[in-house]
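Q:
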Amino acid sequence: MPLDTSPDTDDAALLARYGRGDAAAARSLTVRLVPRVHAQAYRMLGDTAEAEDVAQDAMMRLWKIAPDWREGEAQVSTWLFRVVANLCTDRLRKRRGGNVPLEDVAEPADPTPSVEVNLQTRARQDALRAALADLPERQRIAVAMRHFDGASNPEIAAALSISTEAVESLTARGKRALAHALKGQADALGYEG
Amino acid sequence: MTRPPDRRDEAAWLDEMLDDMAGADVPGPSADLMARVLADAVAQMPPPGGAPASVPLWRQIVRGLGGWSAVGGLVAAAATGFVVGLGGLETVGADALWLDTYYDSSSALDAFGWDYEEG
């Protein structure tokens, strides 16, 4: 896969070029965006194959919307973040069948230390993913953008079309809901004194 | 991950949990994924110059009828029919347009006056 041949061109301009039939723009966007999209999907799903499916699906939606994309209305990266977050949430909810309580997320059981650590890490991540999937969409995206993507308040505000001031409150509500959902498992997951 | 999850430092253990997740190793996308995404991009790519603009309904109708010359023929035929219709009115009278009882039975009886002549 060739490198990004237009590193100084922003995503929206590349997308506009793609919309006019520029194959080089498609290559640059692929190289630039797929690693980010895949990483986000992997963090939320914890499964390589599923993360790849989500990444391909999200990028397909981007290609399809390209001719109608209006520069200046939204950032391509934040639009994609939202698409990936929603695709992952759909998969997490299907995976859980909508009825499996958080308490049923696997806990570490293997006595071998390294395996135990791995299993515990896996259990923590699964529990967090399940709790994130249960958050309302805006809270989930705000928390994920802040903590997984390192996004600033203005970036989150732009992604969600809300004021910068509202981001703090939204993130705080999301984290309170996460804490409430996970507090019964925190001890078992190793977050204890 | 050393604090108890009580209410006071609820944010601390949750932040730690989120940070652990954020810092976990993430594999890079495979070459196969990159190739699939690029293949999708090429398949979905509009033709050079951009996608053709959408055609308004009225233009689709004109095109469906056979173009402007066909539409002109239709208009001419309709106008001719209208004029012929007006000419017919001169024969029967414009009142025929709104009178239901235009038909006069007496004129049928004395058609050409032959019935009177024959007694």
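One line per chain: the protein sequences are D and E, in this order.
FYI, in this note's numbering the residues of the first sequence are 1 to 193.
FYI, in this note's numbering the residues of the second sequence are 1001 to 1119.
Heads up, the beta-carbon is just placed ideally off N, CA and C, and yes, glycines get one too.
1) Would you check if there are 3 or more beta carbon pairs closer than 8 Å linking the stretch 43-63 of chain D to the stretch 1022-1036 of chain E?
2) Excluding the 5 residues flanking R82(D) on each side, which residues of the same chain have their C-beta closer than 7 Å to its C-beta?
3) Counting Cβ pairs closer than 8 Å, one from the stretch 113-127 of chain D and one from the stretch 67-78 of chain D, do we hit at least three?
4) Work out the CA separation of L1038(E) and L170(D) for me, nearest whole Å.
5) Going along chain D in order, which residues have a C-beta closer than 9 Å to the C-beta of V1083(E)?
6) Beta-carbon of T48(D) versus every beta-carbon of chain E: anything under 8 Å?
7) Considering L182(D), what are the terminal residues of the alpha helix (DSSP H) in which it resides?
8) Which residues in the same chain as L29(D) place their Cβ atom closer than 6 Å to its Cβ, once the five residues preceding and following it in sequence are excluded?
9) Going along the chain, which residues of its own chain have a beta-carbon closer than 6 Å to the beta-carbon of R17(D), five neighbours each way excluded?
10) List the residues of chain E whose Cβ lies closer than 8 Å to the Cβ of Q139(D), in chain order.
11) Taking the straight line between their C-alpha atoms, what separation do you get for R43(D) and P67(D)?
12) Determine, using beta carbons only, whether L1057(E) comes closer than 8 Å to chain D.
13) Does R27(D) have its Cβ less than 8 Å from a Cβ in chain E?
14) Strictly below 9 Å CB to CB, what residues from chain D border L1065(E)?
15) Using a Cβ cut-off of 9 Å, pull out every chain E residue sitting near L178(D), in sequence order please.
16) By Cβ distance below 7 Å, which residues in the same chain neighbour A250(D) in space, the five residues on each side in sequence not counted?
17) Taking C-beta to C-beta, are H147(D) and L1033(E) nearer than 8 Å?
18) So the candidates are A58(D), W79(D), D57(D) and A41(D); which of them puts its Cα closest to the Cα of S161(D)?
19) For A131(D), I'd like the list of residues in its chain whose CB is within less than 7 Å of its CB, leaving aside the five on either flank, ordered along the chain.
20) Since A1024(E) meets chain D, which of its residues come closer than 8 Å, beta carbon to beta carbon?
21) Under 8 Å Cβ-Cβ, which residues of chain E neighbour F81(D)?
22) So, with DSSP's three-state summary, where would you put G190(D)?
23) With 8 Å set as the bound, which would you pick, yes or no: does the beta-carbon of S24(D) sit closer than that to a beta-carbon of chain E?
24) Can you tell me where the alpha helix (DSSP H) holding D53(D) begins and where it ends?
25) So that I know if they touch, is there some Cβ in chain D lying closer than 8 Å to that of A1041(E)?
26) Give the C-beta separation of A133(D) and L92(D) to the nearest angstrom, bearing in mind that I take them to be a contact with Cβ-Cβ under 8 Å.
27) Once you ignore the five residues that flank A41(D) on each side, which residues in its own chain have a CB closer than 7 Å to its CB?
28) Taking the alpha helix (DSSP H) that W69(D) falls in, what are its first and last residues?
29) Determine the chain D residues that contact L1038(E) at a beta-carbon separation under 8 Å, and present them in chain order.
A: So, from the listed chains and residues:
1) yes
2) Locating residue 82(D) in the first sequence gives position 82, counting from the first residue. Correct list, in chain order: I141 and A159.
3) no
4) The residue given as residue 170(D) occupies position 170 in the first sequence. The residue given as residue 1038(E) occupies position 38 in the second sequence. If I take the Cα positions, the gap works out to 36 Å.
5) Along the second sequence, one-based indexing puts residue 1083(E) at 83. Within 9 Å Cβ-Cβ: nothing; V1083(E) doesn't reach chain D, min ~49 Å.
6) Translated into the one-based positions of the first sequence, residue 48(D) becomes position 48. Taking Cβ atoms only, chain E reaches closer than 8 Å to T48(D), which makes this a yes.
7) Start at 1 with the first residue of the first sequence, and residue 182(D) comes out as number 182. Element bounds for L182(D): T164 to L182.
8) Looking up residue 29(D) in the first sequence gives position 29. Around L29(D): L14.
9) Along the first sequence, one-based indexing puts residue 17(D) at 17. Result list for R17(D): A25, in chain order.
10) On the first sequence, residue 139(D) is found 139 positions in, with the first residue counted as 1. Under the 8 Å cutoff, chain E gives no residues; its nearest Cβ is about 13 Å from Q139(D).
11) By one-based count along the first sequence, residue 43(D) stands at place 43. By one-based count along the first sequence, residue 67(D) stands at place 67. Taking the straight line from one Cα to the other gives about 30 Å.
12) The residue labelled residue 1057(E) in the question sits at position 57 within the second sequence. Taking Cβ atoms only, chain D never reaches closer than 8 Å to L1057(E), which makes this a no.
13) The count along the first sequence starts at 1 and reaches residue 27(D) at position 27. Taking Cβ atoms only, chain E reaches closer than 8 Å to R27(D), which makes this a yes.
14) Numbered from 1 along the second sequence, position 65 holds the residue referred to as residue 1065(E). The contacting residues do not exist; L1065(E) stays about 29 Å from chain D at best.
15) Here the question's residue 178(D) lines up with position 178 in the first sequence. Result: L1014, M1017 and L1018.
16) Past the boundaries of the shown model lies residue 250(D); chain D is included only from 1 to 193, so the question cannot be answered.
17) Taking the first residue of the first sequence as position 1, residue 147(D) is located at position 147. Taking the first residue of the second sequence as position 1, residue 1033(E) is located at position 33. No.
18) Residue numbering aside, residue 161(D) sits at position 161 when the first sequence is read from its first letter. In terms of Cα proximity to S161(D), the closest of A58(D), W79(D), D57(D) and A41(D) is W79(D).
19) Counted from its first residue, the first sequence places residue 131(D) at position 131. L102, L178, A181 and L182.
20) Taking the second sequence and counting its residues from 1, the one referred to as residue 1024(E) is at position 24. Here the neighbours are R43, T121 and Q125.
21) The count along the first sequence starts at 1 and reaches residue 81(D) at position 81. Against F81(D), chain E offers no close residue; the least beta-carbon distance is about 14 Å (beta-carbon pairs closer than 8 Å).
22) Here residue 190(D) is taken as the residue at index 190 of the first sequence, counted from 1. Three-state DSSP puts G190(D) in coil, outside helix and strand.
23) For this step, residue 24(D) is matched to residue 24 along the first sequence. Per the sequence shown, the amino acid found at residue 24(D) is Ala instead of Ser. It does not; no Cβ of chain E falls within 8 Å.
24) Here residue 53(D) corresponds to residue number 53 of the first sequence, with the count starting at 1. Its alpha helix (DSSP H) spans residues T48 to I65.
25) As a position in the second sequence, residue 1041(E) is number 41, starting the count at 1. So yes, A1041(E) belongs to the interface.
26) For this step, residue 133(D) is matched to residue 133 along the first sequence. For this step, residue 92(D) is matched to residue 92 along the first sequence. A133(D) to L92(D), Cβ: 4 Å. Contact.
27) Translated into positions along the first sequence, residue 41(D) becomes position 41. The answer, listed in chain order, is A51, V54, A55, V84 and C88.
28) Within the first sequence, the letter at position 69 stands for residue 69(D). Where W69(D) is concerned, there is no enclosing alpha helix (DSSP H), given that its DSSP letter is neither H nor E.
29) The sequence position of residue 1038(E) within the second sequence is 38, counting from 1. M1, A26, R27 and T30, listed in chain order.
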